[in-house]
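Below: the structure, in structure tokens.
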Amino acid sequence: GSMYDGLADGYGYGTSRGSYYTKTQTGNCNWGYPLYNGTLKRDVENRRYSSYSQMEGWGSKHYGKAVCSPARAGSDYCFVQNIKSSRSEPDLYCDPPRGTLRKSQVGGRAEHKTTLNRQSIYSSCSTQQGTTRTSKKMPARALSCPSSNKPDVVYAQPVMSCKQDVVYGQTQSSSKMCGDEIDAGTMTIQKAIQLLCSSDDKYQAMGAYFLQHTCFQDESAKQEVYRLGGIAKLVELLRSTNQNVQRAAAGALRNLVFKNPTNKIETRRQNGIRECVSLLRRTGNTEIQKQLTGLLWNLSSTDELKEELIQEALPVLTDCVIIPFSGWSDGGCNRTREIIDPEVFFNATGCLRNLSSADMGRQTMRNYPGLIDSVMTYAQNCVASSRPDDKSVENCICILHNLSYRLDAEVPNKYTQLNHMARSVYMDKTLTGCFNSRSGKMENDEYGVPLPEEDFKPKGPSWLYHSDAIRTYLSLMDQSKKDATLEACAGALQNLTASRGLMSNAMSQLIGLKEKGLPRIARLLQSNSSEVVRSGASLLSNMSRHPVLHKTMAHQVLPDVSRLLSFQSGNTSSYGEIMTSACYTLRNLIMSNPHLGKSYLTSNMLNNVVSLCRNGSCPKAAEAARLLLTDLWSNRELQNVLKQ
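No gaps in the numbering here: position 250 of the sequence shown is 250 in UniProt numbering, and each next residue is one more.
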């Protein structure tokens, strides 16, 4: 379960765009589209995390009971589930090098997919490899049979921008790299490193450009540069006063660390992160900024470097790139947007995407002044101007997805105090009788506590659960053609609906009733991307826990969910998770309205559910299917349909 190195790894002068792909060792890339979103831990199967929630331990000890006393759907009724959130990983791609040393690429772009699974929280693997991932889990669901031992809610892990290193940066042509005094044909890595030690800026630049070019063409050159101590000399050249030398040194380091963990660690050991950040803070040269932000993005894919990058790079990237370019202002920013190049902003958001998948990074980024405001503003501006697939939008939404991971538990908010009040009210009611028929159902019932009014002008973390943010996610679901963006939007909403408290109830109502988002979520189930389907199915399963939504959901999403169980094939890595979520959602909605639900119990669907019960390769889905059939059989009206 290691994150892919290079998702956001951009080389030298290559520009980055914003779609999933990874680069092969030879520098050639092929399109592939994996799946992921889930961000904090690496999965042993090298899967990307995508935003989705999973559930574990569904009533493992209850399915043997043939009949449970019917409880209204959404109550603790024969299902023991853990709610999980998801994290997202950024998928990035860069423009191929534009110089004379371009490598052959398919369609002029080096791209290729990585297969990773994501969880609802974003775990980013950009290599920028982003964060570590943990095994994914589904959204927590209600228990089928009343039980006082409810499992803890588990969130899906955040994801990093996990594409394999992007393309190498373009290099200078040999005619520019070498003057009359240097014969390009006889130049070697050892000679180039010797030139780095020259007192002449021109020779320093020549040596750095040669190393940048050589590392672009030959993977083995990276080890040679490391062996000869070239990284320390390149880091030292970042302190040069000559902009050509600065640019060449940054480009060479960017290529050297591309998909090379050893060189990344060595760059940190030589104080390369601090020197890079220091130069970025003081330079106004766009080409140098591109190289430096690309270098930081590549470094951010390694977990060992994240802590230092959060401390050193986060403030500079936010204050000098993200805020000025985003269009957001609190009245205290002097830099104008036009100063920042779009590629610099793209690289910076790719780096932050990876950092947001780490626990420390997530907490720090939520509290950093202006960061969430700027990222949200940029995404909203792109939606308003009909640019949903702007290459930086994906990174921005993945950042917001990761920052929403475990939000209710990690960030004090308006719902926190209400949860305590609701719990007190609940305890008072249950103390009146130990055998109260409503015991054990607090998470699914209306609490009798008024929901808080949202801020008129949200700021910082309050943006993450504001209705304007939800509208932005739903608008992108309508407009975007990029699977990564769709998955990130669903993942963010999944995280907001994954808790067991009032926030989940309020967010679910806001999404399904006020903003009328159910048809857009249902369309995700028809996607060709199994990761998008998984995110949508997990979100619906989270929302189906709330009885107030059952009637609306039954009419708007039940047809798509039942179709999923009837026709979904088992040839994807997400199959088990999709089926688990679908079974849970179907059970809640049908048990809520058996008369309406029985029309969806087709022989094809039931045969598939029965087959799923016997599927040894998907134990969680098999358990969910058994529980679904058990609950359906407990209803006399549905029993007749099942017998037929």
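Using N, Cα and C, we set each Cβ at its ideal position, and we do this for glycine too.
Being a predicted model, the structure only gives us computed values, none of them experimental.
Given residue i as reference, the closest of the options once Cα atoms are compared
i, options, result
"residue 635", "290, 622 and 597", "597"
"residue 313", "319, 327, 305 and 277", "277"
"residue 463", "512, 397, 524 and 523", "397"
"residue 480", "540, 289, 520 and 355", "520"
"residue 490", "502, 466, 329 and 517", "517"
"residue 605", "588, 187, 474 and 564", "564"
"residue 485", "382, 370 and 359", "382"
"residue 344", "187, 361, 355 and 326", "326"
"residue 283", "619, 342, 244 and 301", "244"
"residue 476", "387, 186 and 549", "387"
"residue 539", "570, 507, 555 and 528", "507"
"residue 411", "613, 385, 461 and 378", "461"
"residue 569", "587, 600, 526 and 584", "526"
"residue 574", "529, 588, 603 and 586", "529"
"residue 251", "260, 339 and 213", "213"
"residue 305", "261, 374, 288 and 316", "261"
"residue 270", "253, 258 and 259", "253"
"residue 459", "534, 375, 584 and 203", "375"
Residue i versus residue j: straight-line alpha-carbon distance, rounded
i, j, result
"residue 509", "residue 542", "12 Å"
"residue 407", "residue 298", "27 Å"
"residue 236", "residue 395", "31 Å"
"residue 498", "residue 454", "19 Å"
"residue 248", "residue 205", "6 Å"
"residue 730", "residue 399", "Lying outside 1 to 644, the shown extent of the chain, residue 730 is not represented and no answer is given."
"residue 643", "residue 559", "22 Å"
"residue 405", "residue 307", "19 Å"
"residue 154", "residue 357", "Low confidence applies to residue 154: its pLDDT is 33, below 50, so where it sits in the model is not reliable, and the reading given next is rough at best. If you take the alpha carbons of residue 154 and residue 357, they lie about 16 Å apart."
"residue 577", "residue 537", "9 Å"
"residue 566", "residue 627", "17 Å"
"residue 514", "residue 592", "21 Å"
"residue 272", "residue 505", "47 Å"
"residue 219", "residue 280", "27 Å"
"residue 369", "residue 594", "50 Å"
"residue 241", "residue 199", "12 Å"
"residue 553", "residue 359", "34 Å"
"residue 137", "residue 185", "Residue confidence for residue 137 is low, a pLDDT of 38 falling below 50, so the modelled location carries little weight; the figure read from the coordinates is stated next. So the alpha carbons of these two residues sit roughly 56 Å apart."
"residue 288", "residue 613", "58 Å"
"residue 309", "residue 259", "18 Å"
"residue 572", "residue 556", "26 Å"
"residue 588", "residue 502", "19 Å"
"residue 324", "residue 391", "18 Å"
"residue 608", "residue 579", "10 Å"
"residue 456", "residue 303", "38 Å"
"residue 546", "residue 492", "18 Å"
"residue 641", "residue 385", "51 Å"
Spatial neighbours of residue i in its chain, beta-carbon cut-off 8 Å, leaving aside the 5 residues before and after
i, result
"residue 193", "207, 211, 225, 228, 229, 230 and 233"
"residue 610", "625 and 629"
"residue 467", "454, 510, 514 and 515"
"residue 638", "590, 594, 597, 598, 601 and 632"
Same chain, Cβ closer than 7 Å to residue i, five either side skipped, listed in chain order
i, result
"residue 197", "233"
"residue 256", "215, 222, 225, 231 and 263"
"residue 362", "158, 356, 402, 403 and 405"
"residue 371", "318, 322 and 365"
"residue 649", "In the structure as shown, the chain starts at 1 and stops at 644, and residue 649 therefore has no counterpart that could be examined."
"residue 562", "586, 600 and 605"
"residue 190", "228"
Contact set for residue i: own chain, Cβ-Cβ below 6 Å, skip 5 residues either direction
i, result
"residue 615", "622"
"residue 532", "483, 486, 487 and 524"
"residue 329", "none"
"residue 187", "210"
"residue 583", "624, 625 and 628"
"residue 311", "none"
"residue 268", "305"
"residue 618", "576"
Beta-carbon separation (whole angstroms), residue i vs residue j, contact threshold 8 Å
i, j, result
"residue 380", "residue 318", "Actually they do not touch by this definition, with Cβ atoms about 18 Å apart."
"residue 275", "residue 239", "6 Å"
"residue 300", "residue 354", "4 Å"
"residue 341", "residue 286", "5 Å"
Short CB-CB distance (under 8 Å) between residue i and chain C
i, result
"residue 212", "Any reference to chain C falls outside this structure, which holds one protein chain only."
Length-filtered (3 minimum) beta strand (DSSP E) runs lying within the region 268 to 316:
none
Counting only runs that start and end within the region 517 to 579, where is the alpha helix (DSSP H) found for 4 or more residues in a row?
518 to 524, 530 to 543, 550 to 556 and 558 to 567
What are the start and end residues of each continuous alpha helix (DSSP H) run of 4 or more residues lying completely inside the region 206 to 268, in chain order?
220 to 227, 230 to 237 and 243 to 256
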